[in-house]
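Novice: Got a structure for you, questions after.
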Amino acid sequence: MNTSANQTLEALQGELRALYEQSGYAQYKMSKFEEYDLYVRNKDFLISDSVITFTDTNGKLMALKPDVTLSIIKNSGDALAATQKVYYNENVYRISKGTHTFKEILQSGLECMGEIDDYCIYEVLSLACRSLKCIGRPAVLDVSHLGIVAAVLDDFVLPNAVKAQIVKCIDEKNCHEIERICAENGIEKRGAERICSLVQLYGDPLDVIAKLRDLFADESDCTALTQLETMMNAFAGTELYEMLRLDFSVVSDMNYYNGFVFKGFVEGVPNSVLSGGQYDRLMQRLHRDFGAIGFALYLDELERLLLSDSGFDVDAVVLYDEGVSLAALSKALEELRKSGKSVCAQRKKPEKLRYAQLMKFENGEVKPLG
Amino acid sequence: MDNMLNIALPKGRLGEKAYALFERSGFECPSIKENNRKLIFENEACGVRYFWVKPSDVSIYVERGAADIGVVGKDILLEYEPDVYELLDLRMGKCRMAVAAKKGFHDDRRRTLTVATKFSHIAQSYYAALGRDIDIIHLNGSIELAPILGLSDVIVDIVETGTTLKENDLLPMETIVPISARLIANKAAFKFKNGQIETIAKRMQALLEEQA
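Printed below as a string of structure tokens:
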């Protein structure tokens, strides 16, 4: 019987660790603290603005890590001899949307840094799919290519603030607002329709790519589309293809991300449980002349899903009296546990514990009560 | 997993109008029209389950996945910014978010403007964009009283016809944003119940275009 959510989470973490190590990713352990300065310089990259800070004994302003990726990049050095592949299993500290207070969040994820070629992207996308599969529920990985979104938006010369508004609407699949913003900013109706067509595309990757070809019919060459097609063709025919959907409303911050971006969903959890993408632009901002791709799996989002509540905290409660033979009691309990039952020994009937069976240890043996 | 599509409707006139649109789109649920105090109604044949919730709670039900889709005013979406898809402007429940003040009010820019509102986030964003220093007084109802009693200089509130303002000697000064009801969807539900959600959205869109 599995009564603890943590046991299940631990099992999942173990499966993920095996999955990543099998693909040659090495575990990356890190300290809980990081210099605050790293986050000040890259505040927009963080999911939440607030960071827990404290002054270290040497006077340096430190922070409890709100993010793992920035620390891995920081410690990667300026030049890599070979592509660095690491995975992590770490706590981060962020504001919880519901309570508006800080929360410890358990994250698993991986980063692939160096010369990012198509194989690296394929490997990370397939590990993202396999990570979702480990959860054991129907799952979907929504994939987008920011090069395609940029190609559609770059048709118009727009102030950054207006572009940001349109990107927000793309994230919301909000076509009526896109039409309004375009009309207010002098973009002809055809332009707005093109953005909306992109936003409304959703589903089987190769079906969507066929429709994208129509959308890009006037352009002789769209590198991003070719790259997307190559990637999806590589997945076609594999067991992972069924999990993939193309969805161009996945728009991570375009100041940091480029190329492939993706979000994972599992049935039964109302929001995305996995998020990732290529972040070459972040690498450039941190003065690294190589690329990177990675993802994070938010394990805290899975807690409720993984807690298989059988309705009982324990299979059996065994009551015993003072003065019984210690050896006989422990032997009887051990035998009961050997049968696969979880057993809680108590002197009195526990008030708040939920148990399937109440038993009593008497005359050297355990008998059901009532 | 339950294959029924869970739909959160706002209690009141707007919810009834929204339900009529669902009904015309082929997702009827006759039991919803029975005069009783039930909150949940379902029609297995159509695969839909409706429930009435407080209008400002619709987006919470949808964002948290208790409802797959819902109908909510744009005011609530702007105020709480839930992480949901905004699929359609239903062009009903039309009104506007506006700044109103007592007749003859003059905005003296040398001092902080006091703003009474239920919509603190919308008011803050609006005045931040104007670079105006303000003090927000968050109220939960009878906002119109605030300038009359000298609690605030202006109010930021929903204006439908303007009758309430007029009867209290207030005047709308600026429109912040037009408001109407929107069809929203939970992001995960959109993946796993995509066929049902897209069918509803497309049929509603067709009906709205016919109406226009």
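Protein chains in written order, with numbering that gives the first Met the number 0: chain A, 0 to 369; chain B, 0 to 211.
Ideal Cβ placement from N, Cα and C applies to all residues, glycine included.
(1) Do the segment 142-159 of chain B and the segment 104-124 of chain B make contact, defined as three or more Cβ pairs closer than 8 Å?
(2) Anyone know if the C-beta pair for A/Gly-290 and A/Asp-299 falls short of 8 Å?
(3) Take the Cβ of B/Gly-130 as the centre, count every other Cβ of all protein chains shown within 10 Å, and call the residue buried at 16 or more, exposed below.
(4) Within the same chain, show all residues whose beta-carbon is closer than 6 Å to that of A/Tyr-19, passing over the 5 residues directly before and after it, in chain order.
(5) If you follow the beta strand (DSSP E) that B/Met-96 is in, where does it begin and where does it stop?
(6) Could you check whether A/Lys-262 and A/Val-249 sit closer than 8 Å to each other, using their CB atoms as the reference points?
(7) So, with DSSP's three-state summary, where would you put B/Ala-116?
(8) Based on the DSSP secondary-structure assignment, which residues constitute the bridge partners of B/Gly-69?
(9) Looking at the structure shown, is A/Gly-363 part of a helix, part of a strand, or coil, going by DSSP?
(10) Out of A/Asp-77, A/Cys-111, A/Val-91 and A/Gly-58, point me to the one whose CA is closest to A/Gln-26's CA.
(11) Just reading off the beta strand (DSSP E) that A/Asp-314 is part of, what are its end residues?
(12) Relative to the alpha-carbon of B/Pro-177, which residue among B/Asp-88, B/Tyr-49, B/Asn-5 and B/Glu-43 has its alpha-carbon at the smallest distance?
(13) When you compare only the Cα positions, how much space is there between B/Asp-134 and B/Ala-128?
(14) Where do the N-terminal and C-terminal ends of the alpha helix (DSSP H) with B/Pro-146 fall, by residue?
(15) In whole angstroms, what separates the C-alpha of A/Tyr-92 from that of A/Met-61?
(16) For B/Thr-174, report the span of its alpha helix (DSSP H) as first-last.
(17) At a CB distance below 8 Å, what residues from the segment 160-175 of chain B approach chain A? Give them in sequence order.
(18) Between B/Lys-32, B/Glu-33 and B/Tyr-84, which has its C-alpha nearest A/Glu-176's C-alpha?
(19) From the DSSP output, in three-state form, read off A/Met-242 for me.
(20) So, helix, strand or coil for A/Asn-57, using DSSP?
(21) Find out if the Cβ-Cβ distance for the pair B/Asn-42, B/Cys-28 is shorter than 8 Å.
(22) Can you find a C-beta in chain B that's less than 8 Å from the C-beta of A/Val-316?
(23) If the cut is a Cβ gap below 8 Å, which residues of chain A does B/Asn-193 touch?
(24) Can you give the Cα-Cα distance for A/Cys-128 and A/Gly-363, rounded to whole angstroms?
(25) Determine whether the Cβ of A/Ser-271 lies closer than 8 Å to any Cβ atom of chain B.
(26) Inspect the CB distances between the segment 213-233 of chain A and the segment 148-156 of chain A and report whether three or more fall short of 8 Å.
(27) Straight-line CA distance for A/Val-142 to A/Leu-245?
(28) Mind reading off the beta-carbon distance from A/Leu-37 to A/Lys-73? Whole number of angstroms is fine, and I expect it under 8 Å.
(29) Taking Cβ positions, are B/Lys-117 and B/Pro-54 nearer each other than 8 Å?
(30) Rounded to whole angstroms, what is the Cα-Cα separation between A/Asn-1 and A/Gln-345?
(31) On the CB-based measure, 16 or more other CB atoms within 10 Å of its CB, does A/Glu-89 come out buried or exposed?
(32) Reducing DSSP to helix, strand and coil, say where B/Asn-193 ends up.
(33) Any contact of the segment 133-141 of chain A with the segment 153-160 of chain A, i.e. 3+ C-beta pairs under 8 Å?
(34) Do the segment 58-74 of chain B and the segment 192-210 of chain B touch if we need at least three Cβ pairs shorter than 8 Å?
(35) Within 8 Å of any Cβ in chain B, is that where the Cβ of A/His-99 sits?
(36) Alpha carbons only, please: which of A/Leu-273, A/Gly-267, A/Asn-232 and A/Gln-356 is nearest the one belonging to A/Asp-117?
Specialist: The answer reads as follows:
(1) yes
(2) The sequence position of residue 290 of chain A within the first sequence is 291, counting from 1. The sequence position of residue 299 of chain A within the first sequence is 300, counting from 1. No, the Cβ-Cβ distance between A/Gly-290 and A/Asp-299 is not below 8 Å.
(3) Along the second sequence, read from residue 1 onward, the residue named residue 130 of chain B stands at position 131. With fewer than 16 Cβ atoms within 10 Å of its Cβ, B/Gly-130 is classed as exposed.
(4) Indexing the first sequence from 1 puts residue 19 of chain A at position 20. These residues qualify, in order along the chain: Tyr-86 and Leu-109.
(5) In the second sequence, residue 96 of chain B corresponds to position 97, counting from 1. Note, B/Met-96: beta strand (DSSP E), 94-101.
(6) Numbered from its first residue, the first sequence carries residue 249 of chain A at position 250. Numbered from its first residue, the first sequence carries residue 262 of chain A at position 263. If you check the CB distance, A/Val-249 and A/Lys-262 come in under 8 Å.
(7) Against the second sequence, residue 116 of chain B aligns to sequence position 117. The sequence shown places Thr at residue 116 of chain B, rather than the Ala named in the question. Of the three classes helix, strand and coil, the one that applies to B/Thr-116 here is strand, per DSSP.
(8) To locate residue 69 of chain B, count along the second sequence from 1; it is residue 70. B/Ala-7 and B/Ile-183, per the DSSP bridge assignment.
(9) Position 364 of the first sequence, counted from the start, is the residue given in the question as residue 363 of chain A. Looking at A/Gly-363 - three-state DSSP - the assignment turns out to be coil, as it is neither helix nor strand.
(10) Position 27 of the first sequence holds residue 26 of chain A. Of A/Asp-77, A/Cys-111, A/Val-91 and A/Gly-58, the residue nearest in Cα terms is A/Cys-111.
(11) Start at 1 with the first residue of the first sequence, and residue 314 of chain A comes out as number 315. 313-318 is the span of the beta strand (DSSP E), which, as asked, contains A/Asp-314.
(12) Numbered from 1 along the second sequence, position 178 holds the residue referred to as residue 177 of chain B. Out of B/Asp-88, B/Tyr-49, B/Asn-5 and B/Glu-43, B/Asp-88 has the C-alpha closest to the C-alpha of B/Pro-177.
(13) On the second sequence, residue 134 of chain B is found 135 positions in, with the first residue counted as 1. On the second sequence, residue 128 of chain B is found 129 positions in, with the first residue counted as 1. Roughly 15 Å between the two C-alpha positions.
(14) By one-based count along the second sequence, residue 146 of chain B stands at place 147. Where B/Pro-146 is concerned, the enclosing alpha helix (DSSP H) stretches over 144-147.
(15) Here the question's residue 92 of chain A lines up with position 93 in the first sequence. Here the question's residue 61 of chain A lines up with position 62 in the first sequence. Taking the straight line joining both Cα atoms gives about 13 Å.
(16) As a working mapping, residue 174 of chain B is identified with position 175 in the second sequence. It is not in any alpha helix (DSSP H) - B/Thr-174 instead sits in the beta strand (DSSP E) that spans 169-178.
(17) none
(18) Position 177 of the first sequence, counted from the start, is the residue given in the question as residue 176 of chain A. Minimum Cα distance to A/Glu-176 is reached at B/Tyr-84.
(19) Here residue 242 of chain A corresponds to residue number 243 of the first sequence, with the count starting at 1. Residue state, collapsed to three classes: helix.
(20) Within the first sequence, numbered from 1, the residue matching residue 57 of chain A stands at position 58. Note: A/Asn-57 maps to coil in three-state DSSP.
(21) Within the second sequence, numbered from 1, the residue matching residue 42 of chain B stands at position 43. Within the second sequence, numbered from 1, the residue matching residue 28 of chain B stands at position 29. Yes, Cβ-Cβ distance for B/Asn-42 and B/Cys-28 is below 8 Å.
(22) Here residue 316 of chain A refers to the residue found at position 317 when the first sequence is read from its first residue. No, A/Val-316 lies away from the interface with chain B (no Cβ there is under 8 Å from its Cβ).
(23) If you number the second sequence from 1, residue 193 of chain B lands on position 194. The answer, in chain order, is Tyr-201 and Gly-202.
(24) On the first sequence, position 129 is the one that residue 128 of chain A refers to. On the first sequence, position 364 is the one that residue 363 of chain A refers to. Take the alpha-carbon of A/Cys-128 and the one of A/Gly-363: they are about 54 Å apart.
(25) Numbered from its first residue, the first sequence carries residue 271 of chain A at position 272. A/Ser-271 counts as touching chain B.
(26) yes
(27) Indexing the first sequence from 1 puts residue 142 of chain A at position 143. Indexing the first sequence from 1 puts residue 245 of chain A at position 246. Whole-angstrom Cα-Cα distance: 5 Å.
(28) Looking up residue 37 of chain A in the first sequence gives position 38. Looking up residue 73 of chain A in the first sequence gives position 74. Cβ-Cβ separation between A/Leu-37 and A/Lys-73: approximately 6 Å, consistent with a contact (criterion under 8 Å).
(29) Along the second sequence, one-based indexing puts residue 117 of chain B at 118. Along the second sequence, one-based indexing puts residue 54 of chain B at 55. Annotated as distal: B/Lys-117 and B/Pro-54, with beta-carbon spacing of 8 Å or more.
(30) For the purposes of this step, residue 1 of chain A is identified with residue 2 of the first sequence, where counting begins at 1. For the purposes of this step, residue 345 of chain A is identified with residue 346 of the first sequence, where counting begins at 1. Confidence at A/Asn-1 is low in this model, with a pLDDT of 41, below 50, so the placement of that residue should be treated as unreliable; the coordinate-derived value is given next. Spanning the two alpha carbons is a distance of roughly 21 Å.
(31) Position 90 of the first sequence, counted from the first residue, corresponds to residue 89 of chain A. Looking at its Cβ environment, which holds 16 or more other Cβ atoms inside 10 Å, A/Glu-89 is buried.
(32) Against the second sequence, residue 193 of chain B aligns to sequence position 194. Of the three classes helix, strand and coil, the one that applies to B/Asn-193 here is helix, per DSSP.
(33) no
(34) yes
(35) For the purposes of this step, residue 99 of chain A is identified with residue 100 of the first sequence, where counting begins at 1. Chain B contact via Cβ: absent.
(36) What you label residue 117 of chain A is simply residue 118 of the first sequence in a count that begins at 1. Looking at the Cα atoms, A/Asn-232 is the closest of the given residues.
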